Amino acid sequence: MMSRIKELLISTTIYLKKRYSDYLKESNKKEAIRASKLRQSCIYEYMCGLQADLYQVFKNNHYSRIKPVISPSEIRIINYRSINGNLMCVFSLPKANAEDDLIDVILNSICQHMNTDIKQSQHDLFLMYGNDLYFYHPFLANGIHIHKLTDNGTDIILIVSSNLRP
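Note that the sequence shown covers residues 169 to 334 in the numbering used here.
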């Protein structure tokens, strides 16, 4: 009788340990999913802020071979990549003529003009807002850099980063 009780206690203990272990694994999976969703949401909000500040630059400037930017939604959010701890955001702008194939020399020239316009807009807005620029346009205040432009057929793909960390 004692051995039977001992066997039941051992089997019950093993069962409870296994169930508790399973519970912890499931709980950790749910927490990881929740953390991943929260991170994705934060990154999307970051990209929306960056999109709005890019619009501040592009709305007053016109670039050859790219349609003028009339609203922030024309700077479409595509994706992001994390490279060496830096968040590289990928946006697209519509080409003026979708049939044009743009070579790297033209794209590099447009990229340089865009980066120059970003610095000029940053300067102009700083003169207008002073330190309030960090509140109104935090990405411009901290610095935006366009690393590369590529032609994907109908759009121009921009790879952009900011010194402001998410």
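The beta-carbon is built from N, C-alpha and C at its ideal position, and this holds for glycine as well. For clarity, every value in this text was computed on a predicted model and none was experimentally measured.
Sequence-distant partners of Tyr214 (beyond 5 residues in either direction) whose C-beta falls short of 6 Å from its own C-beta, in its chain, are Pro334. Around Tyr231, the same chain offers Ile278, His281 and Met282 as residues with beta carbons nearer than 8 Å, after the five sequence neighbours per side are excluded.
Sequence-distant Cβ neighbours of Gln219 in its own chain, meaning closer than 8 Å and more than five residues away, are Pro240, Ile243, Ile245 and Phe259.
Closest by C-alpha distance to Thr318, out of Asp268, Leu301 and Ser330, is Asp268.
When only Cα atoms are considered, Leu301 and Ala309 end up about 6 Å apart.
Asp221 is classed as buried because its beta carbon has at least 16 other beta carbons within 10 Å across all chains shown.
Relative to the Cα of Asn254, the nearest Cα in the group Asn229, Pro262, Ile211 and Lys263 belongs to Ile211. By the Cβ-count criterion, Val225 is buried, with 16 or more other Cβ atoms from all chains shown falling within 10 Å of its own Cβ. Across the set Cys216, Met256 and Ala264, the C-alpha of Ala264 shows the shortest separation from the C-alpha of Pro236.
Cα atoms of Cys257 and Arg249: separation of roughly 6 Å, rounded to the nearest angstrom. In this structure, Ile325 is the residue among Ser329, Ile325 and Leu176 with its C-alpha nearest to the C-alpha of Pro262.
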